[in-house]
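Visitor: Below you will find the structure I want to go over with you.
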Amino acid sequence: MFFLNDSVAKLISKNVKGRIGIYIHNYIMAGIYFLIGIGLNKILMMLMGISKSEFKKYISMPTSEFKTLLKEPYFIVLIAMILIFFILLIGGEHRAKKYFNMAKASKNQNFGKARFSDISEILKTGLTGDGIIFGKINKKIISKPPTVEGHVLITGGTGTGKSRGVVIPTLLRWQGAALVMDIKGELSKKTSDRRKVFGKVYVFNPEGEGDCYDPIVQCKTIDQAQDLARTLIPIPEKGEPFWAQSAQAILSAFVYEGAYTNKTLPEIAETLCTTPITELVEHCRNSDIREVRILASITYDLPEKTLGGIMGELKSKLITIATDQNIHKATRKSDWSPETLEEGATVYLRVSEHLIEQYKGLLTVIISQVLKHLSKREERKEPPILIAIDETPRLSKIDGLTNALATLRSRNVHIMCVIQSMAQLDKIYGKDERKVIADNCRFKFILSATDPETQKYFSDLAGQKTVMAKGESFSTSAWGSSKSEQGTPLIRPEEWANLEQPILLAPRLQPVKLDLAFWDIEKF
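Sequential numbering of the sequence shown, starting at 1, is according to our numbering.
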């Protein structure tokens with residue numbers, strides 16, 4: 001019945017605005033209900049065997065016999081029908097006002113037309129099914145399935161439900177391969193059994209017994225060796241880049257050589273940390289491998305004092321890898337590789353929260369190598385691959401992340417970056433690169449935002465709405481009032497700190513209010 005009511009409201013609101021339109025709607029619906037009532041009345045009379053003459057007898061019955069009438073089943077049903085139609089009419093008017101208000105708003109949009117999307121608009125964009133879970137609206141799960149292109153940025157502070165309401169539900173429902181940054185081990189503990197339904201499961205866990213990964217195996221080309229060196233020895237945002245660049249040259253030369261001499265990353269790091277720098281340079285200069293000689297050539301003929309500075313840079317970045325026995329154990333061989341994801345496997349990179357600083361260099365290398373491998377993937381290749389990077393800014397700078405976000409979208413690779421604030425990304429990537437990362441994440445799901453810059457960023461994205469502002473003036477001789485249009489944010493910057501409901505910003509949609517779909521409540 002409400003479907004009929006809404007259809008009438010939509011039709012009238014396109015042609016008649018304001019209160020008059022609502023009156024017309026109410027009269028039409030009353031007429032429709034009256035006609036429906038006559039039809040149902042005849043059906044009831046027929047079913048109960050009541051003739052017209054008997055019905056007239058009820059109408060002309062004296063007031064003194066009204067109590068007898070109340071005992072008649074037909075009369076009780078008739079009264080119930082009248083009450084139901086009255087409720088429908090009142091409820092219908094309330095629902096109709098939404099369409100007339102929308103029609104009115106569509107006229108007054110000089111300063112912005114932002115509003116919140118309704119469920120029908122959301123469903124038209126295909127945001128349903130198994131995929132990256134955002135939340136629910138009217139008990140309907142809203143998600144980004146693999147068939148919808150676009151990467152995802154999840155923003156929310158500690159305790160806002162990012163894992164319980166987004167990451168875990170996604171891993172339980174994602175039908176494809178996945179590489180998962182698993183801080184604290186919570187994600188693998190709660191989702192690995194389900195992930196086995198979709199393919200093999202590997203857990204890279206330097207702290208315990210897990211599946212090993214040797215990053216040197218992936219460095220049999222010059223660019224792969226240089227990528228690893230850039231990840232472990234990044235160029236500083238401030239200061240002289242020469243020291244880092246020279247250290248990168250030495251490391252990339254030894255990594256390239258190690259890929260062909262079966263050396264592991266810790267073995268290479270130990271050699272670089274314990275061998276005098278002059279011997280390292282001479283080793284590269286006299287290598288039988290042409291590429292090794294060229295890669296390290298930047299350091300040839302440098303003064304010994306300068307070489308000492310390069311050695312300091314090498315040691316500061318590689319000492320952990322050289323000495324940590326857990327890293328030695330976890331990288332001694334390769335039980336899985338980036339190619340494993342092409343087979344539909346799930347790989348968890350598990351690390352305790354207090355050891356992130358210790359292992360972030362190695363973890364960043366692994367993610368960078370996977371992204372580099374996937375950049376060569378054919379477009380729209382199966383299976384879909386999810387890259388879930390929880391606490392993205394707590395890792396080192398991921399070499400090639402911005403390029404991956406720009407190119408992997410069409411290769412059926414879906415990156416989900418989870419952060420607490422834009423300020424975190426600024427610290428690692430700088431503001432310009434952070435903007436590129438955010439722009440390439442077409443879907444943004446915000447649970448909260450507390451720093452002012454992040455609040456303003458999302459407020460601007462949500463847009464402005466046009467409102468009527470009422471003004472009053474008063475003097476000894478006169479009093480007056482006026483109305484004028486003005487623009488105001490749909491969601492003010494400070495409101496992002498304490499959102500009543502998480503907000504989804506998605507292509508071809510106005511902002512969407514959602515409730516989180518917690519995995520343990522929804523029973524995914």
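Even glycine gets a Cβ: it sits at the ideal position worked out from N, Cα and C.
Model, not experiment: these values are computed from the prediction.
#1: Please work out which residues of its chain come closer than 7 angstroms, Cβ to Cβ, to P502, disregarding the five sequence neighbours upstream and downstream, and give them in chain order.
#2: So the candidates are I298, P206 and C273; which of them puts its Cα closest to the Cα of L314?
#3: Measure the Cβ-Cβ separation of I133 and V166 and say whether it is below 8 angstroms.
#4: Using C-beta distances below 6 angstroms, list every residue in its chain close to I119, excluding the 5 sequence neighbours before and after it, in chain order.
#5: Thinking C-beta only, is T191 closer than 8 angstroms to L179?
#6: At the level of alpha carbons, what is the spacing between K189 and N498?
#7: Could you tell me how far apart the beta carbons of L349 and L374 are, in whole angstroms, since I believe they sit closer than 8 angstroms?
#8: Rank S421, Y256 and R115 by C-alpha distance to the C-alpha of P511 and give the top, closest one.
#9: Is the beta carbon of P206 sitting closer than 8 angstroms to the one on N326?
#10: What did DSSP end up calling K523 once you bin it into helix, strand or coil?
#11: For the candidate residues P145, I122, R164 and L153, whose alpha-carbon lies nearest to that of K523?
#12: By the 10 Å Cβ neighbour count, where 16 or more other Cβ atoms means buried, how is Q226 classified, buried or exposed?
#13: Let me know the secondary structure DSSP gives H328 once reduced to three states.
#14: Between P383 and F518, what straight-line distance do the alpha-carbon atoms span, to the nearest angstrom?
#15: Whose C-beta lies closer than 7 angstroms to the C-beta of A249 among residues of the same chain, with five residues either side of it excluded?
#16: Figure out for me which residue from K381, D223, T147 and V418 has the closest Cα to the Cα of E251.
#17: Excluding the 5 residues preceding and the 5 following I356 in the sequence, name in chain order all residues of the same chain whose CB lies nearer than 6 angstroms to its CB.
#18: Excluding the five sequence neighbours on either side, which residues of its own chain have a C-beta within less than 8 angstroms of the C-beta of H354, listed in chain order?
#19: Helix, strand or coil: which one does DSSP assign to P489?
#20: In chain order, which continuous runs of the alpha helix (DSSP H) of length 4 or greater are located wholly inside the stretch 223 to 311?
#21: For R195, report the span of its beta strand (DSSP E) as first-last.
#22: On the CB-based measure, 16 or more other CB atoms within 10 Å of its CB, does G176 come out buried or exposed?
Guide: For this structure:
#1: Apart from the 5 residues on each side of it in sequence, P502 sits with its Cβ closer than 7 angstroms to the Cβ of G135, F445, I446, L447, L514 and L516 in its chain, given in chain order.
#2: For the set I298, P206 and C273, the Cα lying nearest the Cα of L314 is the one of C273.
#3: Cβ distance < 8 angstroms, so I133 and V166 count as in contact.
#4: So the qualifying residues of the chain are I137 and N138.
#5: In terms of Cβ geometry, L179 and T191 do not form a close pair [threshold 8 angstroms].
#6: Take the alpha-carbon of K189 and the one of N498: they are about 30 angstroms apart.
#7: Not confirmed; about 15 angstroms, so no contact.
#8: Looking at the Cα atoms, R115 is the closest of the given residues.
#9: Yes. Within cutoff.
#10: K523: coil per DSSP, three-state reduction.
#11: For the set P145, I122, R164 and L153, the Cα lying nearest the Cα of K523 is the one of R164.
#12: Q226 should be labelled buried.
#13: Of the three classes helix, strand and coil, the one that applies to H328 here is helix, per DSSP.
#14: Rounded to whole angstroms, P383 to F518 spans 26 angstroms at the Cα level.
#15: Correct list, in chain order: L295, A296, I298 and T299.
#16: Per the sequence shown, the amino acid found at residue 251 is Leu instead of Glu. Selected option, being the one with the closest Cα: D223.
#17: Counting only Cβ-Cβ distances below 6 angstroms, and skipping sequence neighbours, we find R394.
#18: Correct list: empty, nothing qualifies.
#19: P489 sits in a strand when the DSSP states are folded into three classes.
#20: For the alpha helix (DSSP H) assignment, the uninterrupted runs of no fewer than 4 residues enclosed by the stretch 223 to 311 are, from N- to C-terminal side, 242 to 261, 265 to 274, 277 to 285 and 290 to 295.
#21: The continuous stretches of beta strand (DSSP E) do not include R195, which lies in the alpha helix (DSSP H) extending over residues E186 to R195.
#22: Under the 10 Å beta carbon count, G176 is surrounded by 16 or more other beta carbons and is classified as buried.
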